[in-house]
Amino acid sequence: MHDLKIFREQLDLLRDGLRRRGALDALAPVLDRGVSLEKERRTLIQAVEERKAARNANAQEVAKRKKAKEDADELIAQGRALGDEIGRLEGELGGVEAELQRLLLEIPNITLPAVPEGGEEHNTIVREWGTPRARDGVRPHWEIGAALGIIDLERASKISGSGFVVYRKAGARLVRSLLNYFMDVHRDEHGYEEVWPPLLVNRATMTGTGQLPKFEDDAYATRGDELFLIPTAEVPVTNLYRDEILEASALPMGFVAYSKCFRREAGSAGKDTRGVLRTHEFDKVELVRYSTPEASGDQLELLTRHAETMLERLGLPYRRKLLAAGDTGFSSAMTYDLEAWAPGVGAWLEVSSCSCFTDYQARRANIRYRPAKGEKPRFVHTLNGSGLAFPRTLACILEHYQNADGSVAVPEVLRSYLGTDALR
RNA sequence: GGACAGGUGGCCGAGUGGUUGAAGGCACCGGUCUCGAAAACCGGCAUACCGGUUAACCCGGUAUCGAGAGUUCGAAUCUCUCCCUGUCCGCCA
């Protein structure tokens with residue numbers, strides 16, 4: 057969310073940002089409305105506060121007279137009239153502020169200068185690692201998984217519905233191995249604090265990271281308790297310090313959290329849904345960082361490297377894609393997608409999305425830090441990225457390491473976790 | 001789920017309708033003192049918004065005592081709803 061002041065002080069910057077996303081035409085009326093409402097808001101605030109000041113002075117005077125046993129009836133009548141007027145003006149102000157709030161929620165973050173303008177056709181591959189395996193003779197992971205008895209989609213749909221998966225035997229253990237391996241590396245080598253967050257969170261938390269109110273249809277909600285199942289660990293972890301002011305010396309902070317992720321995928325039926333590519337419930341290790349505004353660019357590179365390291369250690373060929381402005385997520389100022397090659401599916405699979413949100417998320421969640429003693433608090437910059445998402449990583453492993461005899465070699469780094477060097 | 005007891009500034013803690021943004025203490029920062037330190041003393045020490053000025057400092061105003069609504073000329077203080085915490089009981093991995 058942007059600061060209200062953007063309508064008054066940084067309109068050109070905002071216009072240009074929207075243009076780069078290709079969203080200016082659609083949002084121009086929102087901006088115009090915002091500018092005039094912002095003015096109206098200030099006018100109303102002045103009117104209200106002027107009367108409140110009068111009311112407070114009046115109340116003091118009443119107190120004084122009462123103490124002196126003097127008559128105050130006239131003042132009390134004046135106070136009552138002021139009160140009525142304040143009530144009326146505040147009602148008006150409330151309406152204006154509510155609409156402003158709604159407008160602000162419709163305006164996406166402004167992307168950083170390094171982000172290419174335009175739509176997804178301007179996405180840029182900025183890094184490639186490894187040699188993608190040829191598709192010839194490679195079966196997709198759902199066939200491999202079924203043959204090995206480690207991915208059971210039929211029974212998953214029986215017990216839960218479509219878009220769910222049961223991992224069995226070595227498949228189940230493989231999930232657990234990824235969890236432990238990822239957590240270990242990010243904690244021990246990359247210096248993240250390990251966090252094990254709740255999967256059910258309240259409305260304020262979902263609102264803090266922007267899932268609500270706009271995307272309520274995408275979230276699973278509990279009946280009767282006003283709790284939501286998290287779509288990513290980003291939600292509880294970023295909200296850890298909601299409404300707090302941090303010490304500058306604490307930054308940057310890094311958190312690594314494993315979680316189940318729950319997504320209704322309301323609008324994406326039929327796209328990339330084979331096998332485990334898109335499910336309603338999946339596992340992911342998430343990296344979250346808080347940084348000072350000055351350092352957030354470097355922090356994005358660092359975070360992205362942390363995620364890439366996992367693919368390199370697993371020996372999976374991948375590429376880093378810098379998303380163009382129009383393809384960059386609503387709250388994000390800059391995003392790299394990491395795509396690993398799945399030779400069986402014959403596609404690059406997004407296994408991580410690393411973003412810098414600048415202060416857009418922090419403002420909404422009210423996460424600040426104090427640069428130095430006595431200075432005013434500033435919003436932190438928040439960043440996050442998967443490190444990594446399990447199902448697609450698992451699919452890539454099965455396909456990339458598939459042998460001619462139907463067995464699958466286990467990546468070196470997972471062997472001690474999995475207790476075997478091959479799945480057969 | 002039931003019954004009590006609570007939620008006040010970074011922390012502790014006073015305060016039941018009228019100069020209370022809020023006593024006092026602790027912590028922290030600056031100063032005096034000291035060769036230096038401690039102690040003592042003096043001063044400072046929330047956030048947001050609006051306006052004036054705007055380069056910064058600053059000045060005036062408004063709001064905030066868990067959240068929201070209400071009563072009142074006036075609410076930390078009274079009423080209602082909700083949230084959270086603690087203790088006991090019940091249930092339970």
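Take the first sequence: its letter number 332 is residue 388 in the numbering used here, and every next letter is one higher. Built from N, CA and C at the ideal position, the CB exists for glycine as well.
Distance CB(residue i)-CB(residue j) smaller than 8 Å
{"i": "Phe284", "j": "Leu256", "result": "yes"}
{"i": "Asp273", "j": "Ala304", "result": "no"}
{"i": "Ser463", "j": "Tyr416", "result": "no"}
{"i": "Ile215", "j": "Leu69", "result": "no"}
{"i": "Leu230", "j": "Val221", "result": "no"}
{"i": "Arg375", "j": "Glu395", "result": "yes"}
{"i": "Leu235", "j": "Leu450", "result": "no"}
{"i": "Arg345", "j": "Met390", "result": "no"}
{"i": "Leu405", "j": "Leu296", "result": "no"}
{"i": "Cys410", "j": "Ala363", "result": "yes"}
Residue i, DSSP secondary structure in three states
{"i": "Glu245", "result": "coil"}
{"i": "Met57", "result": "coil"}
{"i": "Phe446", "result": "helix"}
{"i": "Arg345", "result": "strand"}
{"i": "Ile423", "result": "strand"}
{"i": "Thr438", "result": "strand"}
{"i": "Val464", "result": "strand"}
{"i": "Ser409", "result": "strand"}
{"i": "Thr384", "result": "coil"}
{"i": "Lys432", "result": "coil"}
{"i": "Ala351", "result": "helix"}
{"i": "Gln66", "result": "coil"}
{"i": "Ala451", "result": "helix"}
{"i": "Asp33", "result": "The question about residue 33 has no answer here: the residues shown for the chain are numbered 57 through 480."}
{"i": "Thr479", "result": "The sequence given here places Leu at residue 479; Thr does not occur at that position. Strand, per DSSP."}
Pairwise C-alpha distance: residue j and residue i
{"i": "Val86", "j": "Gly174", "result": "21 Å"}
{"i": "Arg471", "j": "Lys225", "result": "15 Å"}
{"i": "Arg232", "j": "Thr187", "result": "27 Å"}
{"i": "Tyr473", "j": "Thr180", "result": "36 Å"}
{"i": "Ala445", "j": "Phe63", "result": "38 Å"}
{"i": "Val241", "j": "Val293", "result": "19 Å"}
{"i": "Glu350", "j": "Arg424", "result": "14 Å"}
{"i": "Leu359", "j": "Thr288", "result": "17 Å"}
{"i": "Gly147", "j": "Leu138", "result": "14 Å"}
{"i": "Gly205", "j": "Leu379", "result": "37 Å"}
{"i": "Ala418", "j": "Ser213", "result": "39 Å"}
{"i": "Tyr248", "j": "Lys95", "result": "45 Å"}
{"i": "Thr384", "j": "Glu357", "result": "16 Å"}
{"i": "Ala84", "j": "Thr438", "result": "28 Å"}
{"i": "Asp354", "j": "Thr348", "result": "10 Å"}
{"i": "Leu161", "j": "Leu367", "result": "35 Å"}
{"i": "Arg448", "j": "Thr265", "result": "24 Å"}
{"i": "Thr99", "j": "Leu145", "result": "10 Å"}
{"i": "Leu479", "j": "Arg420", "result": "46 Å"}
{"i": "Gly402", "j": "Pro373", "result": "13 Å"}
Contacting residues, own chain, Cβ-Cβ under 7 Å from residue i (five flanking each side not counted)
{"i": "Pro427", "result": "Ala304 and Arg434"}
{"i": "Glu155", "result": "Leu93"}
{"i": "Val291", "result": "Val257, Thr261, Met262, Thr265 and Gln267"}
Any non-hydrogen atom of the ligand GDP within 7 Å of residue i CB
{"i": "Leu296", "result": "Ligands in the displayed structure: none, and consequently the ligand GDP is not present."}
Same chain only: Cβ atoms within 6 Å of residue i, ignoring 5 sequence neighbours per side
{"i": "Glu455", "result": "Val194, His197, Ala398, Pro399 and Gly400"}
{"i": "Gly73", "result": "Ile166"}
Close beta carbons around residue i, own chain, < 8 Å, minus the five adjacent residues each side
{"i": "Ile142", "result": "Val104, Arg107, Lys108 and Arg111"}
{"i": "Lys122", "result": "Ala128"}
Review point. Which ranges would you report for the beta strand (DSSP E) in the region 165-217 if only whole runs of at least 3 residues count?
Key: The DSSP assignment places complete beta strand (DSSP E) segments of no fewer than 3 residues inside the region 165-217 at 180-185, in order along the chain.
Review point. In the region 236-319, which residue ranges form an unbroken beta strand (DSSP E) of at least 3 residues, counting only runs that do not cross its ends?
Key: Those beta strand (DSSP E) runs which fall completely within the region 236-319 and span 3+ residues are 249-251, 256-258, 283-285, 300-303 and 309-318.
Review point. Curious, which full-length beta strand (DSSP E) runs of at least 3 residues does the region 357-381 contain?
Key: Annotation: the region 357-381 contains the following complete segments of the beta strand (DSSP E) (minimum length 3 residues), in chain order: 374-378.
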